[in-house]
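In the numbering used here, the protein residues as written are 301 to 496.
We treat Cβ as the ideally placed atom computed from N, Cα and C, and that holds for glycine.
Right, one structure below, let's go through it.
So this is what it looks like as structure tokens:
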């Protein structure tokens, strides 16, 4: 994955469009194979992982058995979302390249999978460093029937808002589109200012 990205970035001027697309596709596919492996392992170990989390939570005697199970399942899901989100971002940062945006768009159109859609959006965020509302809207529309991917998209947008300045109007549009409250976005801005 990393090697494919390095070749695309360093040799793009001497390569054909087809070669770049092939490298990008193979790099992305390598990352997605790892993600599929993780999800399969995670699914097969779900009960054991939740049991381990439950045992740790049982140290808090104020929680009922039902709450412990609920918290354990939420923690498991949160960890799984975080890994999936991190792998999508890693694939995008490894293979992505600003000058190859057309190629990533063509790959997304060819594959039409939620993973390729998220990776393409992540590449846009990481390499163009702008938040294009139309692009986010299009991505959200393509992922509307996939709550896991919508959550990951929302986290990507929140991370982008935290890292880069975003106009108030765009924040309002995001609030409407992805249900990210403007108040929460303001709190993120205040935290940014506090660190600076």
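In the three-state reduction of the DSSP assignment, residue 443 falls in the coil class. Counting the other Cβ atoms within 10 Å of the Cβ of residue 311 gives fewer than 16, which makes it exposed. Of all alpha-carbon atoms in 446, 447, 440 and 463, the one lying nearest the alpha-carbon of residue 475 is that of 440.
The C-beta distance from residue 392 to residue 352 rounds to 31 Å, too long to meet the 8 Å contact threshold. Apart from the 5 residues on each side of it in sequence, residue 394 sits with its Cβ closer than 8 Å to the Cβ of 301, 302, 304, 305, 327 and 331 in its chain, given in chain order. Going by beta carbons, residue 380 and residue 342 fall inside the 8 Å limit. Residue 404 counts as buried, since at least 16 other C-beta atoms from the protein chains shown sit within 10 angstroms of its C-beta. When the Cα atoms are used, residue 411 and residue 321 turn out to be separated by approximately 12 Å. By the Cβ neighbour-count rule, residue 324 is buried, with 16 or more other Cβ atoms within 10 Å of its own. In the three-state DSSP reduction, residue 334 falls in the helix class (H, G or I). Residue 389: member of the alpha helix (DSSP H) spanning 365-395, first to last residue. Within a 10 Å sphere around the beta-carbon of residue 372 sit 16 or more other beta-carbons, which makes this residue buried.
Across the set 319, 317 and 335, the C-alpha of 335 shows the shortest separation from the C-alpha of residue 414.
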